[in-house]
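Okay, so here's the structure we're looking at.
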Amino acid sequence: MSTASSPYHVEWWEYVMEYSKDINSLLGSSNSPPNSVIEDPKTVLKKVEEPTCLKAAWELMEIFYADKQAQAWLPERLVDWLADYDSLLSGTQATIHSKLVEFQRELATLQVIEDDSRYWEAISSALAVGWLEIVVKMLRLHGSYHLDQLGNRETENGLVETVAVLISKMPRMRPELEPGRLGESYKTKPEFIKAWEKWRAQITKLDCSAYWVQCDHRQTREGLRNMLQIMLGNANSLSAATCHWMELYISHFLYIRPLTVGLESMYSLAQKCIQLKPMSSPHRLMGLIIGILGENTEVVLAECSKAFGPWMVAHVIELLTAGSDQAEILLHEERHNLGGISIEELHRLVYAQVLSSHALTWQIAPIYLTSCMKQGIGFVRDSTAQTTCPT
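All residue numbers for the sequence shown refer to the UniProt record's numbering, where the first residue is 1 and numbers rise by one.
Encoded structure:
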């Protein structure tokens, strides 16, 4: 396809975005970020439909290639993406999601929640990747909120609540936040910087407060102050709170480099985080992310093919070529070593061949073949000449 095929004066990427959303909807319902459930005060994670790697991969491609409006806030889009799909990484290694799931199991048996180190570890980890709703809900499980405790734990409760309020007011460089999401969104860089500096100053002031001396509960004192260090962008605290490089990567966007722009800067930071917090075992989604950040179309296509098969490659090419002249030339150029066809046509032929080899899908194959101008039409004629379908 090309921009000339549109009869309307609309940017071509808008058509591609619509195409992407249609496919995304077919891959399953969207999960909201890990969020608290109001009905049960001791339920930390919302139960959602189990995500799939294919949907996670498609959303990555949509974020970086199709959604041109998101280019100014790519880091925040990745924050949301990890919130939806961190659970997919739990099968091969420890994640913040798996840590929260484990803590949820133990929660019912804990008598004094703030005495348990796992409580503070889970809160700090959720904070590191920006799951603010979970953090605030967990803070308000603290024993100092109990009516029979308020009288003699007033200072302690005041510190817990102050941290909860600061978290709920965290500035975010993004157009908007969905209903129920905590934080305050800012669309422009000057507005964000002003709010960010004010917010960080409030955290620093609290960190230096004399009230900590009056807080007798050691675990609360240490747990809250560690949370302040996370919000102040302490690299050691962020590293300790995260389980793998992608989580660390997100935490750097949130608390150290919220104004990061450009794939080159994002790729450089990713390489740094991989060195600091490598995965315990490879994961196909991480290979795709690195290919995207490295701006290497051939690597991205290879990762899609290797990890997600011919369906993904046949459909994702529309996204890869949206707004990228280099990718369009690479994928649409006719190649002698491919018999005079393009990479795009090759992958559509491959997928059509897969479809035609199965009794339930062979009738769909001509739809893909008719878009292959060099060899597809011939295959269509051959297939329609046959009187029997494959078995």
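Quick reminder that beta carbons are idealized off the backbone N, C-alpha and C, glycines included.
Check	Outcome
M1, DSSP secondary structure in three states	Because the pLDDT of M1 is 38, which lies under 50, any placement of that residue in the model is unreliable, and the question is left without a value.
Distance between beta carbons of L139 and A108, contact taken as under 8 Å	Not a contact, Cβ separation roughly 19 Å.
Length of the line joining the Cα atoms of Q149 and V112	12 Å
Pair within 8 Å by beta-carbon distance, A327 and T297	yes
Three-state class that DSSP yields for E50 in the structure shown	coil
Coil, strand or helix - S281 by DSSP	coil
Alpha-carbon spacing of W245 relative to Y351, whole angstroms	34 Å
Nearest-angstrom Cα separation, counted from S185 out to A83	18 Å
Chain-order list of residues whose beta-carbon lies under 6 Å from that of P7 (same chain, five-residue window excluded)	Since pLDDT at P7 reaches only 45, below the 50 mark, its modelled position is unreliable, and no value is offered.
Cβ neighbour criterion (16 or more within 10 Å) applied to R335	exposed
For I289, the three-state DSSP class (helix, strand or coil)	helix
Candidates M279, H358, G130, of which the one nearest T95 by Cα	M279
Alpha-carbon spacing of C215 relative to R221, whole angstroms	6 Å
DSSP-derived helix/strand/coil call for I341	strand
Same chain, Cβ closer than 7 Å to M286, five either side skipped, listed in chain order	M246, M279
Proximity below 8 Å, CB of residue 411 to CB of P175	Residue 411 lies beyond the stretch modelled for the chain, which goes from 1 to 391, so this question has no answer here.
Residue from G143, L269, L166, I134 whose Cα sits closest to the Cα of S251	L269
Identity of the residue in R257, V136, I134, T155 nearest S144 by Cα	T155
Length of the line joining the Cα atoms of L141 and V160	10 Å
Cβ-based burial, P190 [other Cβ within 10 Å; buried from 16]	exposed
Outcome for S357 when other beta-carbon atoms lying within 10 angstroms are tallied against a minimum of 16	exposed
Own chain partners of H217 with C-beta closer than 7 Å, once the 5 adjacent residues on each side are dropped	E114, E156
Short Cβ contact (8 Å threshold) for S100 with A72	Residue identity check: residue 100 is Leu in the sequence provided, not Ser. Not a contact, by the Cβ cut-off of 8 Å.
Sequence-distant residues of its chain with Cβ nearer than 8 Å to L166 (five each side left out)	W199, Q202, I203, L206, M231
Under the three-state DSSP convention, the category S185 falls into	strand
Sequence-distant residues of the same chain with beta carbon closer than 7 Å to L254, five excluded per side	V79, G130
Runs of beta strand (DSSP E) wholly within the segment 133-196 (minimum 3 residues, chain order)	171-173, 184-186
Contained alpha helix (DSSP H) runs [length at least 4] in the segment 50-128, N- to C-terminal order	53-61, 74-85, 96-107, 117-128
Contact belief for L319 with A307 at Cβ below 8 Å, rounded distance in angstroms	So it is not a contact: roughly 16 Å between Cβ atoms.
Three-state class that DSSP yields for S36 in the structure shown	Because S36 sits at a pLDDT of 48, beneath the cut-off of 50, its placement in the model cannot be relied upon, and the point is left open.
M1 versus L259 - alpha carbon distance	The pLDDT assigned to M1 is 38, lower than 50, so where the model puts this residue is not dependable; a value taken from the coordinates is nonetheless given after this. The alpha-carbon atoms of M1 and L259 are separated by roughly 35 Å.
Contacting residues, own chain, Cβ-Cβ under 6 Å from A128 (five flanking each side not counted)	I230, L238, A241, T242, S251
Close beta carbons around V135, own chain, < 7 Å, minus the five adjacent residues each side	I123, A126, L127, I167
Coil, strand or helix - R257 by DSSP	coil
Distance, E11 Cα to K137 Cα	43 Å
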